[in-house]
Structure formats: C-alpha cells, structure tokens
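Residue numbers (numbering that gives the first Met the number 0), protein chains in the order written: chain A, 0 to 173; chain B, 0 to 173. The beta-carbon is built from N, C-alpha and C at its ideal position, and this holds for glycine as well.
2 protein chains.
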Amino acid sequence: MDITAVNALPYEEFVNIFGNVVEKCPIITAAVWSRRPFVSLNALDAAINEFIDTLPESGKEGILRCHPDLAGRDLQSGTLTWESREEQTGAGMDTLSPEDASRMARKNEEYKKRFDFPFVICARMNDKANILRQLTERCQNQRAVERTRGIEEVKKICRLRLQSLVLTDAPNKL
Amino acid sequence: MDITAVNALPYEEFVNIFGNVVEKCPIITAAVWSRRPFVSLNALDAAINEFIDTLPESGKEGILRCHPDLAGRDLQSGTLTWESREEQTGAGMDTLSPEDASRMARKNEEYKKRFDFPFVICARMNDKANILRQLTERCQNQRAVERTRGIEEVKKICRLRLQSLVLTDAPNKL
Chain A
0 MDITAVNALP YEEFVNIFGN VVEKCPIITA AVWSRRPFVS LNALDAAINE FIDTLPESGK
60 EGILRCHPDL AGRDLQSGTL TWESREEQTG AGMDTLSPED ASRMARKNEE YKKRFDFPFV
120 ICARMNDKAN ILRQLTERCQ NQRAVERTRG IEEVKKICRL RLQSLVLTDA PNKL
Chain B
0 MDITAVNALP YEEFVNIFGN VVEKCPIITA AVWSRRPFVS LNALDAAINE FIDTLPESGK
60 EGILRCHPDL AGRDLQSGTL TWESREEQTG AGMDTLSPED ASRMARKNEE YKKRFDFPFV
120 ICARMNDKAN ILRQLTERCQ NQRAVERTRG IEEVKKICRL RLQSLVLTDA PNKL
C-alpha cells in the first residue's frame, strides 16, 4: 500500500489497518486520521509522534502501560497482539534459557515496581543479550528519564510497524 | 469491588478490569491509574473525564472513531466488545424492523459522511425510537457541536460502565 492509497482510506479502514502501530492505542491512529492527506510515510509517522508529544505525562505513562512485558505472561499464554508476538519471538523471547527467563522475569518486576510502567524496548532492533543488558541498566535510571526513554522506544516500534504496512517513501520524499 | 479494592490494584489488573470503560481506549484508564488513590467512584470518573478534556480536538475525534456504529456491521458480525454488545442489544439494536434497520444504516452513513466520526449515544439511557430520532436530529448539527455532544455521550457510557464494575459510592461520598 502506498501513501496515496493510505490517504484514500475511510477512518474505519485506516484504524483497522494502523490501529495497533502504537500498541493497544487505536485512539492515536484514529486521531491522526484528521491530519490526512499525508505527503509521505514520514509525514504519517511524524503526525503520530506529534500526537504522542502533546499528551500529558500521565498519557505517556498510559501508553507504556498498554505494553506487555517482554517474555511475560502474555507471550506464554498466547494473548499478545499479533505485532508484539512477531517482535518478541523475532528477538528470541520465546526461547530464553531457564536462567535468562528467570532473570528477565525478576528484572521486569523490579522495573515495574520502581517505575509503575513496564520496560519497553524496540525488540526488532535488539537481540536477547542486548535486551537483558538494557533492562538491567535501565532499572537504575530516574523515573522521568525512563518515561522519556520508553516513549522513544514506542516511537521506534511504531515506525517499524508502519514500514511493514506502507511502502517506504521514495528517496525524494524522505 | 469497592474503591479501596480498586486503589490496591496494580496497573495491569486495573487496565484489565477498567480498560474498556472508554471504548477501545485503555490508554485513558492506564493514564488515570497515576492519579490513584481515588476517594470514590466519582473521583475515578472525574479523573477519566478530566483526562479526556485535556486531549486536543483530534484526540476527542479519535475517541469517537474508536466507537462502533449502532446496529452496524460489528453487531451483525459478532465483533463488538462485550460492553457494546450488552448496551446495543439492551436498546434493541439487534431486533430492529427491516425498515428501521435500513433507516439506521442510511442515517449512520449520512452522519459519518458529514462529521468524519460515528454517531455516539449512550444506548442504555435511550430506547430504539429515541436513538433513531436523535440520530436524525443530530445529523443537522454543526461539526464542533457534535464533537462535544459525542464526547458527552462517551462520558455517560463510561459512567455506567464504571458503575457496573465498582460499587456505587455511599451517599456521603457523592
């Protein structure tokens, strides 16, 4: 699908297709539909990012809290969204050694207890070792730093999900 | 569940239970969790309303666009959320006469074409005849008026969904 086809979509189809580019937040996609037509994939991506940036801090925490744990109970019980499952299994979250799985679970709990939202990272841009290392390191951050960092990761995830749905822009539109 | 039990919920359980009090917008519930403890059901309801009010106009349109049509394809195909199905069938949307069903479909399309978001009304507070009458009347409004009106209805729906999940406050907490 190219950007011209995207711009021609009624809101219902637009939300059906793009509603989960930010995990479980179809309101964001539904809101930016008001900004069409988009000149490019980048423009659609930018509109989503701008909408996220206008939210109060509690809203940004809300976005993070709509994300599942990495290698958490939703992966185990098969209740992840299709996109999250692809990303988590791609990063090997379903084939952790018992030691790594237990360390991941422990660190996820520590992270959530400290920050009141889950650890979010763009799994497609990281491998197993990297994810475990960053989870451990990021547990040491201040809350405001992690909120900002988590939202940066949400935007990376969104960008990759968009790219898998819309043809990447031609170079002259980048 | 009383408000003390609500305040003790970790965010994951809170979002699991209350995530759909605003249709398909768990981000809102997840955001207001930051505001706990709530002194009462009214305080939780007020926090949700305040969050909605802080959203830009596009965000309010986004909320409306997360709502299904009344007596629309989601009701027919069985893909409504549990809450919406209860509300729509309670108002008789599944037992419209062929004439009313066809009028409803036509007016829904007219409404969406005019406003770029769906007609939202608190079905539990209205019967079949009322819903059809209001849909017809509200098609005549200005867009900004309907956006505001739609959001008022979202808040009524939210209030009733909350009440079905949390014990109504004792009179001294109203």
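- With respect to the 7 angstroms criterion, A:L161 and A:D44 are classified as neighbours on the basis of their beta carbons.
- In the structure shown, B:N41 adopts helical secondary structure according to DSSP, grouped into three states.
- About 18 angstroms separates the beta carbons of B:T167 and B:L8, which is beyond the 8 angstroms limit, so they are not a contact pair.
- Note on geometry: alpha-carbon atoms of B:A128 and B:S96 lie some 12 angstroms from one another.
- Contact note: B:W32 reaches chain A through S57, E60, G61, R64, D115, using a C-beta cutoff of 9 angstroms and chain order.
- The three-state reading of DSSP puts B:S96 in coil, since its state is none of H, G, I, E or B.
- For the 7 angstroms CB-CB criterion, A:R64 and B:Y110 do not form a contact.
- In this model, B:V38 and B:M0 are separated by some 14 angstroms (Cα to Cα).
- Identification of residues in the segment 10-31 of chain B having a C-beta nearer than 9 angstroms to some C-beta of chain A yields Y10, E11, F13, V14, G18, V21, K23, C24, P25, I26, I27, T28, A29, A30, V31, given in sequence order.
- With its beta carbon at least 7 angstroms from every one in chain B, A:T78 lies outside the interface.
- Under the three-pair Cβ rule at 8 angstroms, the segment 133-152 of chain B counts as touching the segment 113-120 of chain B.
- Contacts between A:T53 and chain B, judged by CB atoms closer than 7 angstroms, involve P55 in chain order.
- Rounded to whole angstroms, the gap between the alpha carbons of B:I62 and A:A29 is 7 angstroms.
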